[in-house]
Amino acid sequence: MKRYARELSVLGALVLILAVLAVAAPSFFQLDPLRSHFTREVPTLLVACGAALVIICRQIDISVGSQFGVCGVVTGLLAGAHVPLPLCALASIAAGAAMGAINGALVAGLRLPSIVVTLATMVIWREGLRLAQQGQFINLPADAVWFGLPLATGQTVELVAALGILAALTWASTRLTAGRYIYAVGSDAEAARLAGISPTRVTFGVFVLMGALAGLAALANAVQSPQVDPKSGTGLELKAIAAAVVGGVAVTGGRGRLWGVLCGLLLLVTINPALTYLHVAAYWEKAIQGAIILLAVVADGWRPRSA
Amino acid sequence: MTPLLRLRDITKSFGAVRALRGVSFELQPGEVHALLGENGAGKSTLIKVITGAHAPDGGTLEVGAETLSRLTPREAHRLGIACIYQQPALFPDLTVAENIALRLETPRATRLVHPRAQIEKAQQLLARIGADLAPEREVRSLSMPEQQLVEIACALGSGARIVIMDEPTASLTQKEQHLLFAVVRDLRAQGIGVIYISHRLEEIFALADRVTVLRDGESVGTNPIDDINESSLIAMMVGREVAQIYPPPESAPGEVALLLQNLGCAASGILDVSLEVRAGEIVGLAGLVGAGRTELARILFGLTPADTGEIRLAGEPVRITSPREAIAHGIAYVPEDRRRHGVILEMPIAQNMTMAVHSRVFPGGWLRSGTETALAKEYIASLGIKTAGPEAPGGSLSGGNQQKVSVARWLATRPRMLILDEPTQGVDVGAKSELHRIIRRLAADGLAVLMISSDLPEVLGMSDRIVVMRGGTIAATLPGGSEASTVMAAALGQRAA
Amino acid sequence: MKTGWKSLPLRHETLLLLVLVAEWLIFYFTGTTVKRGHTFGFGTFDSQFDILRHSAEIGLLALVMTPVVLTGGIDLSVGSTLGLGAIVFGLLWQSVGLPPWLAAIGAIGLGGLAGGLNATLITRLRLPPLIVTLGTFSLYRGLAEAITQGSITYTGFPASVLALGQGRLLALPTQVWVLVLVAVGAWLLVHRTTLGRSFRAIGLAPEGARYAGLPVERRVALAYILAGLIAGLAGVIYTARLGQARADAGTGYELAAITAVVLGGTSIFGGTGSIHGTLLGVAAIAVLNNGLIHTGIPREWAGILTGALLLIALTASAAAKALAKRRGM
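If you read the protein sequences in the order shown, they are chains P, A and E. To get our numbering, take the position in the first sequence, counting from 1, and add 2. To get our numbering, take the position in the second sequence, counting from 1, and add 37. To get our numbering, take the position in the third sequence, counting from 1, and add 1120.
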């Protein structure tokens, strides 16, 4: 249990907030608004999982928001041309993976620092998208919105799918050797090399995975409304990284669990509605989120560091 | 019995330095073969040849049935050679079981991880060496000896028949040492050959079946442990002519500059150190790796605080809590780890030299290149530093000249007391004697010099008095002209002959 | 570290200067038109002053980010501190009723406190700068939003304030003089003082700097506090330029600042870099942004080209380092 102390503390904080809400504002717990609220965060969850794996590998990717935007437009354009959704999904994932591969090549191949590389690609993708789309929204055909299903069903499908993907990613990161490699390289790249693991390949792979998840997330986001907004995804990277950090992923690499990321995200996104129902002004949301991130970082700093 | 390993006439040189001059060595199955020798005798080079990190210039290696002229690390691994270093190469954030699994498995990304099987395997291996470790523990939470046990488990798991242990007990407590001995005996009982490098004679006599002494790149002799005693071992280790000429002292020492009374620091393992250094004298601080000499220097320089005892500078008691304070009190420390703590390679020599004296050389905080260049030129001249000029980057100098720049940096602080930590390590012979002359000159100018050195001839030749440390405390204080064997005996902890 | 006159042609800053000059000339010839004796477009003083005005705030942030990056750290919160400073400036003037100059001092002081929090977390608690400033990036923006309750905008500033952002002093936009002052100060600090030298040493060898007796924690803390102070000042200037203080002031500015710093040749790993490089980086980006407007090329190309330039600069720098290493310095 001690191994999960960090994630459990986040879960505990979440439970605390929910408990406070249960007492002070039981009207919070209504199925429809809750379902809508959490479905809106499905894309963020997927991106946060990718961000977590990147951070576990001791890198960072702040271009995710822009990748998300590009993939969203790709999805929209294809869906608008009546391409069946599964193919749109593949295209979106492929587009994301391609952008991720570029990041990966620069960081792993040329050994450039990831913060600056992804800063550059973030601007390039975002401005490139703006150039191409000129802010134009894309209309989705009715059979694409919510997969052509009624609202409640569509939301449930997304939620279930998201949890399924989270489970699959968790399985892959813990039960697949490739997943272990991400943790190993993030923990000590030199020891990894000595053990016969290629840090270059692992790092490249994790950026590609991040891009693919961004593409998937973009699709999950696109189907939630009849129009695709090319500006979507702005600021997404910060939210994703915040969820990961709050959820126990350490910036020093090598540690963190995806279900912790889920808890971290839930904590961060429950604040706003909680504030509303507790009659605390909503404009405190960002400040409280920032404080939570700092608390998480400080808490991680207190962890005993040996050797 | 076919030996597990046999080296014949191995030679290895690095440029002009002949590290190994025809060493022959043999390891039988089920034996613990100790390798003894002082620093620079060639032990680590020999080990690197065995593990494949270095290719020998001459000689052959026979591993089991195969005869080779050299090994690669991969082949060494395949042939069952494993080395346990002092710094384990483990993943701190992963568990013991995960670490062992990653090390032992051939890399294949698509393989499924079976946590329970991994834990079982880890348990098996740990049980085979009698280690009481939970495989689910994170390596970060393990102590150094526990990490070493994991490394040994990895070696065992990879099917090693030849296990090399390099100073394994250097940082262990008594209890942990006994545990390690049990593990080593266990390995031996399983037919594995252990090459055991250690300075601790009591360990060697407790554990080893045979012992080989290296000296100046040659094997001086291999004896069964029952046929030899400590005195002969020591004699074999040091027996040589002290061929080098060292600059003699020029005058009698002056007042006591530094006085330590019962100094102790639990975290650094320093217990009850009392010594004194006078102005104008060179006190050689001898001892083997792990004796606590650098730890003592760090306390004097304010990097780690002392818990108990007193430090007096020129009679006044002082508390030193940071390098700045140490410098203000007139203590200067030329550190051992030149790469991390010494000359900054990317910066010009002049800037390196003024690094510790900003407030004096640049009053008000404004840089003055004129003053800086003048200071640099002065030291370049007085210390004989071979360089293109004060603006040349630190990295453009040879090791010996870099060391001189380091010394210059500290001389610029106008210290009363200079602590030198392995000042001539890795420096070529010519630069070495230059540095020795400089050190003697500094002492003659009135500096109190505490010189930490593992180079026995250097300690013997340079010191006016020799203080020998062992196990965090003073083992002996000896006069300048002492015998090498006396110093070594004190360093090794030989019981009174 | 290349020093001396002989290496001038090969230095990063020289190459960047050439890029800047080329850029400027290209835009001058393609973006300027002369009609009926009047010049329009890029080649006018107005356009150049616009460049200067728009680069003032980011320029300030980039200048003060440079010492932080030299120590091997990073400060992602400067844009948010700018916003918080702007809001506090508006608050102190409008709601508290302080005279503008006092309100400005308050805003700058708050910036210093913001930098102080960063400094404490980074130097006392030894937390990684990237993630600490990511947290304060969120927190400070959030505080700005909270203070303005999400919607308040402070407006109606007196002419004295507006003069700072929209007026001219001795023929140049006023804030340019502030930028010049801070630039000179930053240059002196980084290149001519022991403080600047210690920043480099800390970036190149943090442990070695400690062994040399440098007060590492104090120096690093100072870098972050300075960043906060100047970010607060930039917030005041931003408000003066726009004539209003809003919670979203300075959004995205930290990224522009880092881009300028890295483009200017400062290594993200610390130890090497220069203030003049940073200024060139700011200028290159500002000229690019402004020049494109006048040539009719869609302005998104500014971002794309800036990003590409950054990648090229990084690759070139890494290649140069690898080459130097192979030559054995």
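Glycine included, each C-beta is placed from N, C-alpha and C at the ideal position.
With a beta-carbon spacing of about 3 Å, G266 (chain P) and G249 (chain P) fall inside the 8 Å limit used to define contacts. The continuous alpha helix (DSSP H) containing S419 (chain A) extends over residues 406–420. The segment 205–237 of chain A is shown to contain whole alpha helix (DSSP H) runs of 4 or more residues at 211–226, in chain order. Closer than 8 Å to the CB of G111 (chain P) there is not a single CB belonging to chain A. Taken in chain order, the unbroken stretches of alpha helix (DSSP H) that lie wholly in the segment 1342–1410 of chain E and span 4 residues or more are 1373–1383. Chain-order list of chain A residues neighbouring D190 (chain P): F128, P129, by C-beta distance under 7 Å. Straight across, the Cα-Cα distance linking L269 (chain P) with V22 (chain P) is about 13 Å.
If you look at T254 (chain P), you'll find it isn't in any beta strand (DSSP E); DSSP assigns it neither H nor E. When C-beta atoms of the segment 1197–1215 of chain E are compared with those of the segment 1226–1239 of chain E, three or more pairs fall below 8 Å, so the two segments count as touching.
Secondary structure of D246 (chain A) (DSSP, three-state): coil.
Under DSSP, the beta-bridge partners assigned to H70 (chain A) are A:I232, A:R247. For A219 (chain A), there are no neighbours in chain P by C-beta distance under 8 Å, as the nearest C-beta there is about 24 Å away. Annotation: T132 (chain A) to F51 (chain A) spans about 40 Å, alpha carbon to alpha carbon. For A411 (chain A), the closest of A:S491, A:M390, A:T82 by C-alpha to C-alpha distance is A:M390. As far as DSSP is concerned, I262 (chain A) takes part in no beta bridge. For G1161 (chain E), the enclosing beta strand (DSSP E) stretches over residues 1158–1161.
The DSSP assignment places 95–100, 103–105, 118–121 as complete runs of the beta strand (DSSP E) inside the segment 83–142 of chain A, in order along the chain (cut-off: 3 residues). For A1428 (chain E), the nearest CB of chain P lies under 8 Å from its own CB, placing it at the interface with that chain. Taking a C-beta cut-off of 9 Å against chain A, the contacting residues of the segment 1332–1344 of chain E are A1332, G1333, L1334, P1335, listed in chain order. Leaving aside the five residues that flank S1200 (chain E) on each side, the residues in its chain whose CB is nearer than 6 Å to its CB run, in chain order, F1257, Y1260, R1261. Contact note: G256 (chain P) reaches chain A through F128, P129, D130, L131, using a C-beta cutoff of 8 Å and chain order. By the Cβ test, the segment 58–69 of chain P is in contact with the segment 115–132 of chain P, since at least three Cβ pairs between them sit closer than 8 Å. DSSP, reduced to helix, strand and coil, places K288 (chain P) within a helical segment of the structure shown. T104 (chain A) is classed as exposed because its beta carbon has fewer than 16 other beta carbons within 10 Å across all chains shown.
With respect to I1322 (chain E), R1339 (chain E) sits close: the two C-beta atoms are nearer than 8 Å. Close to chain P, meaning a Cβ-Cβ distance shorter than 8 Å, are the following residues of the segment 1214–1248 of chain E: L1241, L1245, R1246, L1247, P1248. Taking 8 Å as the cut-off, the Cβ atoms of L149 (chain A) and R177 (chain P) count as close. In the DSSP secondary-structure assignment, Q298 (chain A) is bridged to A:E347.
Neighbourhood of Y279 (chain P) in chain E, by CB distance below 8 Å: empty, with the nearest CB roughly 17 Å away. Here DSSP, grouped into helix, strand and coil, assigns D482 (chain A) to coil. Across the segment 364–388 of chain A, CB contacts with chain E closer than 8 Å involve I364, Y370, P372, R377, H378, G379, I381, L382, E383, M384, P385, Q388, in sequence order along the chain. Residue environment: S1271 (chain E) is assigned as exposed (fewer than 16 neighbouring CB atoms within 10 Å of its CB, all protein chains considered). Within the segment 162–185 of chain P, those residues whose Cβ lies closer than 9 Å to any Cβ of chain A are, in chain order, T176, R177, L178, T179, A180, G181, R182, Y183, Y185. Taken in chain order, the unbroken stretches of alpha helix (DSSP H) that lie wholly in the segment 1199–1269 of chain E and span 4 residues or more are 1220–1239, 1249–1267. Taking a Cβ-Cβ threshold of 8 Å, none of the residues of chain E is close to K233 (chain P); the smallest such distance is about 13 Å.
Your pair I184 (chain P) and V210 (chain P) does not check out as a contact, with CB atoms roughly 12 Å apart and the cut at 8 Å.
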